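Here's the structure, in structure tokens; my notes come after.
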Amino acid sequence: MQKYIIDDNTKKLYEHLTVPFAVYQFVDKRVVTLVLSDGFLKLFGYEDREKAYYDMDNDMYKNVHPDDASRIADVAYGFAVNDGVYEVIYRTKVIGKSGYKIIHAFGKHIYTDDGVRLAQVWYLDEGSYEESSFENKIKLNDSLSNALHENSLVQYSKYDYLTGLPNMSYFFELAESSKKAALKKGVKYCMIYMDFTGMKFFNRKYGFEEGDILLQTFAKVLADIFGNENCCRISADHFCVVAELDGVEEKLKKVFLEHQEKNGGKTLHIHVGIYVGRDEAVHESVACDRAKLACEALRGKYETIINYYSQSLSDDADNKQYIIDNFDKALSERWIQVYLQPIVRNVNERVCDVEALARWIDPEKGFLSPASFIPALEDAGLIYKLDLYMVDRVVEMIKIQEDKGFKSVAHSINLSRSDFDACDMVEEIRRRVDDAGISHDRISIEITESVFVRDFEYIKGQIDKFRKLGFPVWMDDFGSGYSSLSVLQSVKFDLIKFDMSFMRKFNEGDNVRVLLSELMRMATSLGFDTVCEGVETKEQVEFLREIGCSKLQGYFFCKPIAFDAILDMFRTKTLIESENPDESEYYENIARLNLYDLKVIASDEEELNHIFNMIPVAVIEITGDKARYLRTNRSYQDFIKEYFDIDILKGETFLEDAESDGKKRIASVIKECCESGNHTFFNEKMPDGSIVHTFIRRVGINPVTGNIAIAIAVLSIE
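Each residue of the sequence shown is one higher than the last, beginning at 387 in the numbering used here.
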């Protein structure tokens, strides 16, 4: 239907009326303004007639009281699509004045000679409205009761009660017309989906009333910029807009700016998803869903940001739905398998722990990446079922290993933040482990620091419960982006696992090495054990040994492997040897020494002034009259090469063939230190005449083999 054109003489006649009067037409499900009288402009405070026409066409209810907007919009819609009369009483602001005025509007339909139906509406000024005026409230309520019928309110509910914007079903009708109009003009249209970030937190902080005000204010901004009939509150704090694509980002920037200036600064960031329409084949509801997918892809970003829909988002959504639909079956059919990745002690390269990792081997889709199914289960609130399933399988595996004569080491299990919301996770794990008769220290709990974001004290309490029960607790992915040293101050962990991003950036410059060295020094000083994941090269292994990272994990040693494969490797004696649990404490003490830190030569009771940045330091293991280097820093390697022409990296030691007087004296001092346990300072004259001042102390004794570890440091050279 085309807009009806009133001849100029008739239009001027109507416009010069002093009675508040308007003529409207309902075209393609939208109200089009044909005439506004001088009386209308005066009643509502307009000085510019064109501005009045624009507002009536794009945001007719912009100045209407929020409590009345959706009600009168519903009645107006009913009047527009049906014959009958129009009568409403409502409150509205007058431009340039404060407070509200009570307006009584009534109208009827007329038909032109061409059979076109038009609506004539008259407006009466019923006086000012004051919020504190009880008499006005009674008067208004009585008038509303007389003017409106309950049936019509139910039947023609086309507008959102809170914002006055079209509701979802009506919006899709309007959007269809907008889409067709845009395509007819040969331009692209778009569907925009918006979501506030942190609305629940906002309501908790300021109250639900303030939350409603925020939504109403935002709706007004949208209506001002895009037009009331082009906007919709889909649900809760989600809004949708249909618009021509050209210039849409500029309009959105204006929305963001005005939104930030409203509501006394009490605002939130907004995620925006945009679907660009190119033809009529895509229904409005589908376009909205696609814009929503683009919006949801921004989850976790705490900023106002725009994202455009792409086909990959739909593919991801389909995969996510498949995961959720088939999750229970994947558990019962054991499509989800436990893969184990060894964690190796740095000084003996023996397996000291293994991490249990979930792998979904689907009969239809093949291997599903953990990066796809784990976030999907977290979003659906199902991740706790996966994590408890992993506990069950790990407990089962430990029992099998023990039955087959394995040196079974501790298994670590990853937990999610939502696990603690879904059930009493501490009790669930304790019960499963106890029922299997397994010691609690055989199950380590890995928790990422990001879980502390929402409720620090609660998570801290859960960690304390685990540790009191004897379950070691690890901080996972330290340095991944959420890390805060305040957590390490307040929460006691048994181990810190450094994120693999450190190893990915290992060769990008010295910054990573310096940072990792200092973090490792801090961790060991605080009493935390350490592991670095993502280790892939020999260079990385040597560096991590030097700085005191006690455990290493990565493809350099072994990729995650299925349990059946581990059993096969055990049978064929190709499995990486596991550490004897009785030796663990001995090797742990050695591994924690940071060879960049003078504390390596101080016992627990001693304190040294840190005079040097780094001195030559090594840890040597003595077996009878033989010695081997367990760890050395680069300064020590260079020192031994220069003065003894020995290449430590080739496995040589300066005590081999100790026939010279100097080597004999050093061997004698080392033997005395091993036997007495006392630290020793001694000076040795080098062949070039220089004097080397050296310090030696015993680090520990292997309780199984009797081997003795000593630390040796070159303090100075004269």
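Every residue gets a Cβ at the ideal spot worked out from N, C-alpha and C, and that includes glycine.
Just so we're clear, the structure is a prediction, and the values are computed from it rather than from any experiment.
Top-ranked residue by Cα proximity to residue i, from the options
| i | options | result |
| --- | --- | --- |
| arginine 664 | Lys570, Glu1007 and Lys639 | Lys570 |
| tyrosine 472 | Tyr432, Asp499, Phe430 and Ala408 | Ala408 |
| alanine 1095 | Ile1056, Thr1080 and Arg957 | Ile1056 |
| cysteine 618 | Lys652, Leu548 and Phe892 | Leu548 |
| glutamate 689 | Ile656, Phe806, Ile660 and Glu719 | Ile656 |
| isoleucine 952 | Ser794, Phe914 and Trp860 | Ser794 |
| lysine 389 | Gln411, Pro406 and Leu930 | Gln411 |
| aspartate 424 | Arg416, Phe430, Leu403 and Lys415 | Leu403 |
| serine 866 | Phe884, Pro552 and Glu813 | Phe884 |
| tyrosine 973 | Pro1089, Gly1075 and Glu647 | Pro1089 |
| asparagine 553 | Phe582, Ile620, Phe604 and Val607 | Ile620 |
| phenylalanine 625 | Phe792, Glu636, Glu596 and Asp581 | Asp581 |
| lysine 428 | Lys479, Arg457, Pro452 and Ile392 | Lys479 |
| aspartate 610 | Gly934, Glu764, Phe587 and Leu551 | Leu551 |
| arginine 957 | Asn966, Ile488, Gln787 and Ser700 | Gln787 |
| glutamate 1104 | Arg1084, Ile1098, Ala1097 and Val1078 | Val1078 |
Pairwise C-alpha distance: residue j and residue i
| i | j | result |
| --- | --- | --- |
| methionine 387 | alanine 622 | 34 angstroms |
| glutamate 963 | threonine 1091 | 17 angstroms |
| lysine 397 | alanine 438 | 15 angstroms |
| isoleucine 1087 | cysteine 944 | 29 angstroms |
| serine 872 | tyrosine 844 | 16 angstroms |
| leucine 979 | leucine 768 | 42 angstroms |
| serine 563 | leucine 504 | 20 angstroms |
| glutamate 991 | glutamine 926 | Any reading at glutamate 991 must be qualified, since the residue scores a pLDDT of 48, below 50, and its modelled position is unreliable; the value itself is stated next. Going from the Cα of glutamate 991 to the Cα of glutamine 926 covers about 32 angstroms. |
| aspartate 748 | isoleucine 722 | 8 angstroms |
| methionine 889 | glutamate 928 | 13 angstroms |
| valine 812 | lysine 785 | 21 angstroms |
| lysine 1036 | serine 804 | 50 angstroms |
| serine 698 | lysine 586 | 30 angstroms |
| valine 461 | isoleucine 760 | 48 angstroms |
| lysine 751 | glutamate 682 | 24 angstroms |
| valine 662 | cysteine 918 | 45 angstroms |
| phenylalanine 594 | alanine 605 | 16 angstroms |
For residue i, the first and last residue of its enclosing beta strand (DSSP E)
| i | result |
| --- | --- |
| tyrosine 661 | 656 to 663 |
| arginine 736 | No beta strand (DSSP E) contains arginine 736, which DSSP labels as neither H nor E. |
| arginine 618 | As written in the sequence, residue 618 is cysteine, which differs from the arginine given in the question. Note, cysteine 618: beta strand (DSSP E), 617 to 621. |
| isoleucine 496 | 486 to 497 |
| leucine 861 | For clarity, residue 861 is methionine in the given sequence; the question names leucine instead. Taken as a continuous stretch (DSSP letters only), the beta strand (DSSP E) holding methionine 861 covers 859 to 864. |
| leucine 504 | 503 to 515 |
| proline 1002 | Here proline 1002 belongs to no beta strand (DSSP E), and DSSP marks it neither H nor E. |
| glutamate 559 | That residue, glutamate 559, is in no beta strand (DSSP E); its alpha helix (DSSP H) goes 554 to 571. |
The alpha helix (DSSP H) enclosing residue i, as first and last residue numbers
| i | result |
| --- | --- |
| leucine 601 | 594 to 612 |
| aspartate 915 | Careful: aspartate 915 lies outside any alpha helix (DSSP H), inside the beta strand (DSSP E) at 915 to 919. |
| serine 1118 | Nothing can be reported for residue 1118: it is not among the residues displayed for the chain, which extend from 387 to 1104. |
| glycine 464 | 452 to 467 |
| proline 1089 | Note, proline 1089: premise wrong, no alpha helix (DSSP H); not H, not E. |
| glutamine 787 | 769 to 789 |
| valine 812 | 811 to 821 |
| aspartate 885 | Run containing aspartate 885: none; DSSP gives neither H nor E here. |
| histidine 826 | Neither: histidine 826 is in no alpha helix (DSSP H) and is coded neither H nor E. |
Distance CB(residue i)-CB(residue j) smaller than 9 angstroms
| i | j | result |
| --- | --- | --- |
| glutamate 573 | glutamate 644 | The amino acid occupying residue 573 in the given sequence is valine; glutamate does not appear at that position. No, Cβ-Cβ distance for valine 573 and glutamate 644 is not below 9 angstroms. |
| alanine 822 | valine 859 | no |
| isoleucine 692 | valine 658 | yes |
| isoleucine 1008 | asparagine 1093 | yes |
| valine 628 | tyrosine 556 | no |
| isoleucine 815 | isoleucine 829 | yes |
| aspartate 394 | valine 417 | no |
| lysine 652 | glutamate 596 | yes |
| tyrosine 509 | isoleucine 489 | yes |
| arginine 931 | asparagine 732 | yes |
| tyrosine 494 | glycine 431 | Position check: residue 494 holds lysine in this sequence, whereas tyrosine was assumed. Not a contact, by the Cβ cut-off of 9 angstroms. |
| isoleucine 1001 | threonine 1039 | no |
Integer Cβ distance of residue i from residue j, believed to fall under 8 angstroms
| i | j | result |
| --- | --- | --- |
| glutamate 512 | isoleucine 475 | 7 angstroms |
| lysine 878 | arginine 853 | 7 angstroms |
| serine 936 | aspartate 915 | 6 angstroms |
| phenylalanine 864 | isoleucine 831 | Contact flag wrong, Cβ pair sits at about 15 angstroms. |
| lysine 637 | phenylalanine 612 | 7 angstroms |
| proline 756 | glutamine 602 | About 43 angstroms separates the two Cβ atoms, so there is no contact after all. |
| tyrosine 486 | tyrosine 515 | 4 angstroms |
| tyrosine 1022 | valine 1003 | 6 angstroms |
| leucine 608 | proline 946 | The pair is not a contact, with the Cβ atoms about 49 angstroms apart (cut-off 8 angstroms). |
| lysine 706 | alanine 762 | 4 angstroms |
Residue i CB to nearest heavy atom of the ligand ADP below 8 angstroms
| i | result |
| --- | --- |
| isoleucine 833 | Absence of the ligand ADP from the depicted structure is noted, as is the absence of any ligand whatsoever, leaving it without description. |
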